[in-house]
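Asks: One structure coming up, written as structure tokens, with questions to follow.
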Amino acid sequence: MFWLPAATTALSLVPLVHGEDSSTKVTDDISSCGGSWMAIDDVTIGNGTDHRTGFTTAVNKFCSQVTGSTVKSQGYLSMATELFLNGGKDPSVYGLLGYVYFEIHNKQDSDHTVDSDSCIKYLSTLSATGGKCYGDEHHDTKGGTYQVGDNQVSYHALPNTVPPQQDALNKPLVDDVLDAQKPNKGAGAPLDPWPLDSLNDVLPVACHSHNDYDHDVPLFAALSAGCAGVEADVWLVDGDVSIGHTAPTVGRTLGLQYVQPLKAIIDHNGAGSVYQAAPAQSVVLLVDFKTSADGTLDAVVKALDPLRQAGYLSRVEDGAFVPGAVTVVASGSAPFDRIAAGDGVPDRDVFYDAHVDDLSAEDYSSLNSVYASADFKSAVGNPGSADLSQDEVDKITDQVDGAHQRGLIVRYWDLPGDYVWEPISALGVDRLNADDLSDTARLPRLA
27 MFWLPAATTA LSLVPLVHGE DSSTKVTDDI SSCGGSWMAI DDVTIGNGTD
77 HRTGFTTAVN KFCSQVTGST VKSQGYLSMA TELFLNGGKD PSVYGLLGYV
127 YFEIHNKQDS DHTVDSDSCI KYLSTLSATG GKCYGDEHHD TKGGTYQVGD
177 NQVSYHALPN TVPPQQDALN KPLVDDVLDA QKPNKGAGAP LDPWPLDSLN
227 DVLPVACHSH NDYDHDVPLF AALSAGCAGV EADVWLVDGD VSIGHTAPTV
277 GRTLGLQYVQ PLKAIIDHNG AGSVYQAAPA QSVVLLVDFK TSADGTLDAV
327 VKALDPLRQA GYLSRVEDGA FVPGAVTVVA SGSAPFDRIA AGDGVPDRDV
377 FYDAHVDDLS AEDYSSLNSV YASADFKSAV GNPGSADLSQ DEVDKITDQV
427 DGAHQRGLIV RYWDLPGDYV WEPISALGVD RLNADDLSDT ARLPRLA
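Counting in our numbering, the sequence shown runs from 27 upward without gaps.
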């Protein structure tokens, strides 16, 4: 039995029992379907600027790797690989990188030898047009279980949002079933082990993962979507900063949930970047201060030290901005005066989130700030559709021009809906606040 955890964002997976456990036995046919939708064909996303792997390619990959393998009597042969989960919607505009868990379970008394053609035939039945597990509207599949013979051998292909606990990502695992990781929202990395190679081909997008720590798989889901910014709210607790929106989760620190995983990713990529496919793209780590005590900034600076020591942080050096793999932006109750003066930030590697609707409030520049943000509904309005009024267009244009003249990146939070992404992007807004990360599939890539 695979355990499928709740999915990231709007994708939904449920616990699913293998077909052989069903009271209805089948012969050479599908016994059950999976719990969420996968694109069947490789899919072009980002308005034609990127692509993701579909179920057919994943099946061919698995079957080619395991062909000729012998599955002992009562034994298993398993593997997980990446593919695109589209949540039952149009995969060209909606979805997120995920996984399909393959498993061959031999329940007969004799050995079972896998051959590629038969493997592809069995598993492709799960995505056959008009079949039991097929989705007519968007040409997708839920995967599931195909029974060979009279319940003799089961071929499983089940979707999941997270990688397995075992070392079976893109490599066969003998005599064991796959267990999905349970994302950690406490004292540790969100995923362990981290799937370091899963994001190799992901291109960055102009999305900002709003309240990233609240997503089902913090950080990983945002990077799977390609977001160029992620957000963590922090509270000063016993000299360290813990994460939480209305209250801190003690032990769930900025260092454990964000700093250490980001460093591991950049170390692995070897190119000084979070996104291997776009080495020049810096990822913004927006740290929203929920406590105003001076010690909050001091604790954030200390928590960032692993990234600092590795030379991965953007910084000011000799009066110039030097980009790094990660750019740290302080928001909320963060002290502008201390950040601008480098007070307690000796390496000048923490920047401010300027107020895009009140740029004259402080001496904002690209040497002390990176983002320029505001509550959209307060700063612009609350349009009920993508058709912005002339007044709203004029406000955005004025605010964007002012921020860009100062070399700042514009972002609005509290958007009325994702439907304003395209019109505000056309007006020069640089980062789009995202709550449903699957929606970002429709956005053009940055590189």
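Yeah, the Cβ is synthetic: ideal placement off N, Cα and C, and Gly gets one too.
Give the straight-line distance between the Cα atoms of Asp462 and Ala398, rounded to the nearest whole angstrom.
Replies: Using only the alpha carbons, I get a separation of about 22 Å.
Asks: Round the Cβ separation of Ser392 and Arg437 to the nearest angstrom and send it over; I've been treating them as touching at under 8 Å.
Replies: Not really, about 15 Å apart at Cβ, beyond 8 Å.
Asks: Which class does Cys159 belong to by DSSP, given the choice of helix, strand or coil?
Replies: DSSP places Cys159 in coil when its eight states are reduced to three.
Asks: Touch check for the stretch 186-199 and the stretch 135-143: three-plus C-beta pairs under 8 Å?
Replies: No, because fewer than three Cβ pairs between the stretch 186-199 and the stretch 135-143 fall closer than 8 Å, the two stretches do not touch.
Asks: Helix, strand or coil: how does DSSP classify Val285 here?
Replies: Reduced to three states, the DSSP call for Val285 is helix.
Asks: Are the beta-carbon atoms belonging to Ala380 and Leu434 less than 9 Å from one another?
Replies: Yes, these two residues count as a Cβ contact at 9 Å.
Asks: Output the boundary residues of the alpha helix (DSSP H) element that contains Asp320.
Replies: It spans Asp320 to Ala329 - the alpha helix (DSSP H) in which Asp320 sits, taken as one unbroken run.
Asks: State the DSSP-derived secondary structure class of Gln173, mapped to helix, strand or coil.
Replies: Looking at Gln173 - three-state DSSP - the assignment turns out to be strand.
Asks: According to DSSP, is Gly72 helix, strand or coil?
Replies: Correct three-state label for Gly72: helix.
Asks: How many Å lie between Asp417 and Asn112 at the Cα?
Replies: Straight-line Cα distance between these residues: approximately 37 Å.
Asks: For Phe110 and Leu262, I'd like the C-alpha separation in whole angstroms.
Replies: Taking the straight line from one Cα to the other gives about 38 Å.
Asks: For Val200, list the residues DSSP reports as bridge partners.
Replies: Val200 is bridged to Leu103.
Asks: Between the beta-carbon of Val310 and the beta-carbon of His241, is there less than 9 Å?
Replies: Cβ atoms of Val310 and His241: not closer than 9 Å.
Asks: Which residue wins for smallest C-alpha separation from Ser357, given the options Pro189, Ile66, Val382 and Ala306?
Replies: Ranking the options by Cα distance to Ser357, first place goes to Val382.
Asks: Can you name the residues that DSSP bridges to Trp418?
Replies: In the sequence on display, residue 418 carries Glu and not Trp. According to DSSP, Glu418 bridges with nothing at all.
Asks: Where in the stretch 175-253 do unbroken runs of the alpha helix (DSSP H), each at least 4 residues long, occur, reported from the N-terminal end onward?
Replies: Here the runs fully enclosed are 246-251.
Asks: So what does DSSP say about Ile269, is it helix, strand or coil?
Replies: Strand, per DSSP.
Asks: Identify the residues that DSSP records as bridge partners of Glu129: which are they?
Replies: According to DSSP, Glu129 bridges with Ser104 and His182.
Asks: Is Lys115 buried or exposed, if buried means 16 or more other CB atoms sit within 10 Å of its CB?
Replies: Result: buried.
Asks: Who are the near neighbours of Asp238 in its chain, counting only those whose CB is closer than 7 Å to its CB and skipping five residues on each side?
Replies: Around Asp238: Pro244, Leu245, Ala248, Val256, Glu257 and Ala258.
Asks: When the Cα atoms are used, what is the spatial distance from Ala213 to Val260?
Replies: If you take the alpha carbons of Ala213 and Val260, they lie about 14 Å apart.
Asks: Using DSSP's beta-bridge definition, name the partner residues of Glu343.
Replies: In DSSP, Glu343 forms a bridge with Ala346.
Asks: Quick one: what's got a C-beta closer than 8 Å to Thr75's C-beta in the same chain, skipping five residues either side?
Replies: Leu229, Pro470 and Arg471, listed in sequence order.
Asks: Thinking just about the alpha-carbon of each residue, which of Asp375, Ala206 and Asp363 is nearest to the one in Asp389?
Replies: Comparing Cα-Cα distances from Asp389 to each of Asp375, Ala206 and Asp363, the minimum goes to Asp363.
Asks: By DSSP's criteria, Glu448 is part of a beta bridge. Which residues make up the other side?
Replies: Its beta-bridge partners do not exist; DSSP assigns none.
Asks: Out of Ser58, Cys159, Gly428 and Asp314, which has the shortest C-alpha to C-alpha gap to Ser386?
Replies: It is Gly428 whose Cα lies nearest to the Cα of Ser386.
Asks: Return helix, strand or coil for Ala467, following the three-state DSSP convention.
Replies: Note: Ala467 maps to helix in three-state DSSP.
Asks: Would you mind reading off the limits of the beta strand (DSSP E) that contains Asn459?
Replies: Where Asn459 is concerned, the enclosing beta strand (DSSP E) stretches over Arg457 to Ala460.
Asks: DSSP three-state label for Leu121, please.
Replies: It should be noted that the sequence gives Gly, not Leu, for residue 121. It is coil, neither helix nor strand.
Asks: Comparing C-alpha positions only, which one of Val396, Pro442 and Asp413 sits nearest to His430?
Replies: Per the Cα distances, Val396.
Asks: Are the beta-carbon atoms belonging to Val313 and Leu280 less than 9 Å from one another?
Replies: Taking 9 Å as the Cβ cut-off, Val313 and Leu280 qualify as a contacting pair.
Asks: Among the residues of its own chain, which have a CB less than 6 Å from the CB of Ser153, if the five just before and after it don't count?
Replies: For Ser153, where only same-chain residues beyond five positions count, the Cβ hits under 6 Å are Ile66, Phe81 and Thr167.
Asks: Quick check on the burial criterion: 16 or more other C-beta atoms within 10 angstroms. Buried or exposed for Glu108?
Replies: When all chains shown are included, Glu108 counts as buried.
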